[in-house]
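The structure under discussion appears below in the form of structure tokens.
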Amino acid sequence: MQHDQESRAVSEGTGPDGREQGAATATADTAPPRAEEPAGTPPAPEDPAGAAPPRPPAGTARGLAALRGPAALALAPLLVAAALWLWSLSRIGFRSIDEFGLLDRFPVSFYASLVVLTLGFVLTLRRAGTAPAWPAVYSVAMLFALKAPPAILYDTVRYAWASKHDAIITRLLAEGTVHPGAELTGGMSAYDQWPGFFALDAALVRAFGVDAAASFINWAPVVLGLLTLPLLLLVYRTFSDDWRLVWTAVWIFQLANWVGQDYLSPQGFSYLLYLTVLAVVVRHFVRPGSAGPLRDRAFLDPAAAAVPPATTARRRAVAVVLLVPVVAAVNASHQLTPLMLCMTLAALCLTRRYRNLGLLAVSGALMLAWYLTMGRELFLGTLATLREKLGDLLGNSRPGFAGDPTGPGPELVGNANVLMILVLGGLAVAAVLLRRRLARSALPLILAAGASAPLVAVNDYGGEMIFRVYLFGLPGAAFFAAAAIVPAAGAASRAALAARRAAVVALPLALVAMLAGFLPSYYGKEGMHYVQPGEIELTRRAFDRAPEGALVLAATGAFTDAYYRYDRYERWFFTEQEVDENLRMLKDPAGYLAGGIPAGRPAYVILTPTQAEAVIGEGYLPPGGFATLTDSLKKSPLFAVVEESRFGVVLRYRPTTTG
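With the first letter of the sequence shown counted as 1, position 482 gets the number 481 in numbering that gives the first Met the number 0; the numbers rise by one all the way through.
So this is what it looks like as structure tokens:
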């Protein structure tokens with residue numbers, strides 16, 4: 000066989016490797032024989048007159064061809080965006096944040112880089128089926144461009160709750176154990192009852208050889224985002240064969256994930272595990288004989304994927320065993336996510352495809368076991384509040400504000416949040432109604448998106464329930480929002496052709512509009528999230544100065560190091576209450592606070608610029624209320640100023656002084 004191939008190749012003018020040999024053969028046959036030259040004689044130079052022009056090396060030729068091909072079209076926007084982003088990075092004025100957060104501190108070049116990335120991503124979608132790596136590169140680039148600036152620039156921990164978690168990890172490292180039965184103020188006991196995430200971070204601190212989690216804490220949004228990408232791909236590819244739709248859904252998920260739960264938190268970690276379980280279930284838990292026409296291409300939407308192959312009961316049982324550690328980690332790390340997981344698994348059982356009760360039973364058993372053992376105190380306390388919260392849809396769906404945010408910055412953030420929800424929800428609903436075949440095949444995503452919504456009628460989760468319901472509904476909502484702006488390929492109807500023409504304009508406009516909504520939603524309150532190093536030093540000196548067991552007062556707990564050495568002091572964040580009560584407090588702040596300090600208890604008050612931003616942004620105090628509070632306490636004989644600077648003021652309570 001090899002001999003026949005070589006003979007045929009010679010007769011056709013090619014060698015065994017397929018390369019042309021005609022010119023070489025002709026030269027060998029027609030050239031006259033050359034006289035034998037003495038040894039050591041250098042070869043005669045060839046005549047340049049008849050010589051062919053030199054050819055570039057093969058690698059160079061391929062490189063020049065690539066620069067003229069589709070790869071150059073995909074690479075050029077990426078390079079332009081990277082140059083703009085890097086140029087603007089040092090020009091972000093994060094040290095002088097005002098009421099609009101970072102929105103008016105980002106240079107124009109930063110916004111331009113994000114728009115160029117968006118347009119480049121849209122260009123790569125044209126070849127997403129044959130070159131899916133390019134949309135992946137752009138998705139990673141956008142994630143980094145959106146969420147890496149604080150990690151690169153900030154010299155302190157971003158976000159007060161991340162600082163709180165750093166304090167918990169530090170205590171766990173120091174003591175080497177947890178105390179689930181200990182009573183701590185500020186709801187801190189719950190972190191000893193769900194310590195899984197913090198134990199993992201403590202191990203990372205040891206493994207990295209750093210002093211504390213603060214060394215890497217600001218990179219959590221980027222890392223969690225990168226880990227989320229492959230899980231979303233697994234979920235979306237289960238329901239669609241169209242890479243354009245899949246990558247657009249991933250892109251929309253990134254832009255719509257503005258709720259701020261992607262920091263170093265138990266919620267961010269357990270959400271990653273939740274997506275892991277969801278991906279395994281939708282791909283490997285299909286019951287035999289349940290697909291019906293959903294494997295018939297004539298019945299499916301052009302972008303839909305056929306139902307995955309069915310698995311036997313034995314394989315599903317093995318999958319349940321393999322998922323037990325993941326579900327156990329969810330239960331050990333977070334209070335709410337196990338319930339969200341069980342509700343999603345229960346919703347999937349409404350379809351014949353995923354009516355598998357084994358994993359649901361195991362997940363429910365693990366959840367109840369943890370609630371009734373390690374988390375017993377908080378669980379029983381939550382049950383006691385159900386009578387008050389149950390059925391209060393308006394109160395439970397209200398965001399975690401005591402009142403309405405005041406000031407143009409917080410108001411812009413609130414409006415952007417609402418618009419983002421409306422745009423995402425409107426696009427998703429439109430796709431469900433207009434692409435019914437896709438909705439039928441991707442019904443599990445619809446069920447998963449709405450599974451947690453009933454919890455709004457049960458509890459407010461500290462004013463965050465509406466955000467958590469949005470977060471767990473986001474994967475399904477992003478998929479169908481993408482389906483609304485990415486028309487089905489291959490459809491030949493007049494409506495389909497019109498949709499494809501409209502998508503040329505609608506797709507980039509929709510993505511740019513969502514980008515415009517993400518930025519104020521994510522960075523509009525950065526004045527509450529970035530803290531000057533001098534403010535942190537003032538706060539820590541105040542805690543170190545106070546004797547152990549002292550009562551530490553602050554307007555709100557939304558400032559970095561509010562929980563510094565949290566197991567040694569009691570805390571009172573005195574504006575985190577109803578607005579009417581705060582208005583009464585402002586009439587006589589010193590007398591109000593003095594009335595709440597137990598007799599004989601040492602007490603200190605810490606007031607910082609970050610707290611001033613927080614009480615306005617969260618709606619606890621009216622405009623000017625924080626300044627009124629500060630001035631009143633400084634003038635009162637009941638409080639003595641211990642330290643004061645532009646980073647804040649620390650006061651000590653003087654109970655023996657009469658006013």
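Backbone N, C-alpha and C define an ideal beta-carbon position, used for all residues, glycine too.
Contacts around V431, its chain only, beta-carbon distance under 6 angstroms, and the 5 residues preceding and following it disregarded: As a working mapping, residue 431 is identified with position 432 in the sequence shown. Cβ neighbours of V431 within its own chain (closer than 6 angstroms, five residues either side excluded): A438 and F479.
CB of V306 within 8 angstroms of CB of V285, strictly: For the purposes of this step, residue 306 is taken as the residue at position 307 of the sequence shown. For the purposes of this step, residue 285 is taken as the residue at position 286 of the sequence shown. The answer is yes: Cβ separation under 8 angstroms.
Report the partner residues of L552 according to the DSSP bridge assignment. In the sequence shown, counting from the first residue as 1, residue 552 sits at position 553. L552 is bridged to W571 and V604.
E642, enclosing beta strand (DSSP E) - first and last residue: As a position in the sequence shown, residue 642 is number 643, starting the count at 1. It spans F638 to S644 - the beta strand (DSSP E) in which E642 sits, taken as one unbroken run.
The segment 136-144 touching the segment 218-226, judged by at least three CB pairs closer than 8 angstroms: Verdict: yes, contact present.
Here's a check: name, in chain order, each residue in its chain whose Cβ is nearer than 7 angstroms to the Cβ of L335, leaving out the five neighbours to either side. Stepping through the sequence shown from its first residue, residue 335 is reached at position 336. Within the same chain, L335 has close Cβ partners Y460 and R467.
Given A664 as reference, the closest of M342, T372 and R600 once Cα atoms are compared: Nothing can be reported for residue 664: it is not among the residues displayed for the chain, which extend from 0 to 658.
Would you list the residues sitting across from S239 in a DSSP beta bridge? Start at 1 with the first residue of the sequence shown, and residue 239 comes out as number 240. DSSP, once it has assigned bridges, lists A303 as partnering S239.
Beta-carbon proximity of L344 to L358, cut-off 8 angstroms: Against the sequence shown, residue 344 aligns to sequence position 345. Against the sequence shown, residue 358 aligns to sequence position 359. Yes.
If we call anything under 8 angstroms between Cβ atoms a contact, is V428 one with A512? On the sequence shown, position 429 is the one that residue 428 refers to. On the sequence shown, position 513 is the one that residue 512 refers to. Not in contact: V428 and A512 (Cβ atoms no closer than 8 angstroms).
Comparing alpha-carbon positions, which option in R567, L537 and A297 lies nearest G548? Working through the sequence shown from its first residue, we reach residue 548 at position 549. Considering only alpha carbons, the answer is R567.
Coil, strand or helix - V649 by DSSP: Against the sequence shown, residue 649 aligns to sequence position 650. For V649, the three-state secondary structure derived from DSSP is strand.
Is it true that the CB of A554 sits closer than 8 angstroms to the CB of F573? As a working mapping, residue 573 is identified with position 574 in the sequence shown. As a working mapping, residue 554 is identified with position 555 in the sequence shown. Their beta carbons are under 8 angstroms apart, which means F573 touches A554 by this criterion.
Can you tell me the Cβ-Cβ gap for V457 and L389, rounded? I've got them flagged as a contact below 8 angstroms. What you label residue 457 is simply residue 458 of the sequence shown in a count that begins at 1. What you label residue 389 is simply residue 390 of the sequence shown in a count that begins at 1. V457 to L389, Cβ: 6 angstroms. Contact.
Other residues of its chain near L274: CB distance less than 6 angstroms, five sequence neighbours each side excluded: If you number the sequence shown from 1, residue 274 lands on position 275. Spatial neighbours of L274 in its own chain (CB-CB distance under 6 angstroms, excluding positions within 5 residues in sequence) are listed in chain order as L230.
Sorted by chain position, which residues of the same chain lie with C-beta nearer than 8 angstroms to A38's C-beta, five sequence neighbours on each side aside? Start at 1 with the first residue of the sequence shown, and residue 38 comes out as number 39. Note on A38: pLDDT 42, under 50, position unreliable in the model; the coordinate value appears next. None.
For S269, the first and last residue of its enclosing alpha helix (DSSP H): Residue 269 sits at position 270 when you count from the first residue of the sequence shown. Run containing S269: P265 to H283, per the alpha helix (DSSP H) assignment.
Three-state secondary structure (DSSP) of D97: For the purposes of this step, residue 97 is taken as residue 98 along the sequence shown, with counting starting at 1. For D97, the secondary structure class from DSSP, reduced to helix, strand or coil, is strand.
Alpha carbon to alpha carbon, how far is L411 from Y262? Indexing the sequence shown from 1 puts residue 411 at position 412. Indexing the sequence shown from 1 puts residue 262 at position 263. Computed Cα separation, rounded: 22 angstroms.
With G618 and V578 assumed to form a contact (beta carbons below 8 angstroms), what rounded beta-carbon distance in angstroms separates them? Here the question's residue 618 lines up with position 619 in the sequence shown. Here the question's residue 578 lines up with position 579 in the sequence shown. Taking the Cβ atoms as the reference, G618 lies roughly 7 angstroms from V578, within the contact range of under 8 angstroms.
Just to confirm before moving on: does the CB-CB distance between L102 and L518 stay below 8 angstroms? Walking along the sequence shown from the start, residue 102 turns up at place 103. Walking along the sequence shown from the start, residue 518 turns up at place 519. Against a cut-off of 8 angstroms, the Cβ pair of L518 and L102 comes out as a contact.
Straight-line CA distance for A450 to F238? In the sequence shown, residue 450 corresponds to position 451, counting from 1. In the sequence shown, residue 238 corresponds to position 239, counting from 1. A450 and F238 have their C-alpha atoms some 18 angstroms from each other.
Taking its Cβ as the centre, do 16 or more other Cβ atoms sit within 10 Å of A206, making it buried, or is it exposed? Working through the sequence shown from its first residue, we reach residue 206 at position 207. Per the 10 Å Cβ criterion, exposed.
In chain order, what residues of the same chain lie with their CB nearer than 6 angstroms to the CB of P409, ignoring the 5 residues before and after it? Taking the first residue of the sequence shown as position 1, residue 409 is located at position 410. Closer than 6 angstroms at the Cβ level, and outside the excluded window around P409, lie G616.
To the nearest whole angstrom, what separates the beta carbons of L122 and A71, a pair I think is in contact under 8 angstroms? As a first step, residue 122 must be located in the sequence shown, where it is residue number 123. As a first step, residue 71 must be located in the sequence shown, where it is residue number 72. Not quite, the Cβ-Cβ distance comes to about 11 angstroms (not below 8 angstroms), so this is no contact.
Counting along the chain, where does the alpha helix (DSSP H) carrying K586 start and finish? Along the sequence shown, one-based indexing puts residue 586 at 587. No alpha helix (DSSP H) contains K586, which DSSP labels as neither H nor E.
Would you call the CB atoms of Q253 and Q260 closer than 8 angstroms? The sequence position of residue 253 within the sequence shown is 254, counting from 1. The sequence position of residue 260 within the sequence shown is 261, counting from 1. For Q253 and Q260, no; Cβs fall outside 8 angstroms.
Quick check: the segment 369-379 against the segment 174-188, are there 3 or more CB pairs under 8 angstroms? Yes, they touch.
Using 10 angstroms around the beta-carbon of S264, count the other beta-carbons present and answer buried if the total reaches 16, otherwise exposed. Residue mapping note: residue 264 aligns to position 265 of the sequence shown, counting from 1. By the 10 Å Cβ count, S264 comes out buried.
Rounded to whole angstroms, what is the Cα-Cα separation between P220 and L113? The sequence position of residue 220 within the sequence shown is 221, counting from 1. The sequence position of residue 113 within the sequence shown is 114, counting from 1. Straight-line Cα distance between these residues: approximately 18 angstroms.
Span separating the alpha-carbon of R351 from that of P443: Translated into positions along the sequence shown, residue 351 becomes position 352. Translated into positions along the sequence shown, residue 443 becomes position 444. In a straight line, the C-alpha of R351 is about 10 angstroms away from that of P443.
Give the straight-line distance between the Cα atoms of E19 and R296, rounded to the nearest whole angstrom. Residue numbering aside, residue 19 sits at position 20 when the sequence shown is read from its first letter. Residue numbering aside, residue 296 sits at position 297 when the sequence shown is read from its first letter. Unreliable positioning characterises E19 in this predicted model, as indicated by a pLDDT of 38, which lies under 50. A coordinate reading is not provided.
Of the choices L340, R294, V329 and P287, whose alpha-carbon is the least far from that of R313? For the purposes of this step, residue 313 is taken as the residue at position 314 of the sequence shown. Nearest C-alpha to R313: P287.
Tell me, please, whether the segment 499-511 touches the segment 126-135 by the rule of three or more beta-carbon pairs shorter than 8 angstroms. Output reads no: the segment 126-135 does not touch the segment 499-511.
Would you kindly check if the distance between the Cβ of P532 and the Cβ of T155 is under 8 angstroms? On the sequence shown, position 156 is the one that residue 155 refers to. On the sequence shown, position 533 is the one that residue 532 refers to. Yes, they are a contact pair.
Can L124 and W246 be called in contact, C-beta distance under 8 angstroms? Locating residue 124 in the sequence shown gives position 125, counting from the first residue. Locating residue 246 in the sequence shown gives position 247, counting from the first residue. Yes, these two residues count as a Cβ contact at 8 angstroms.
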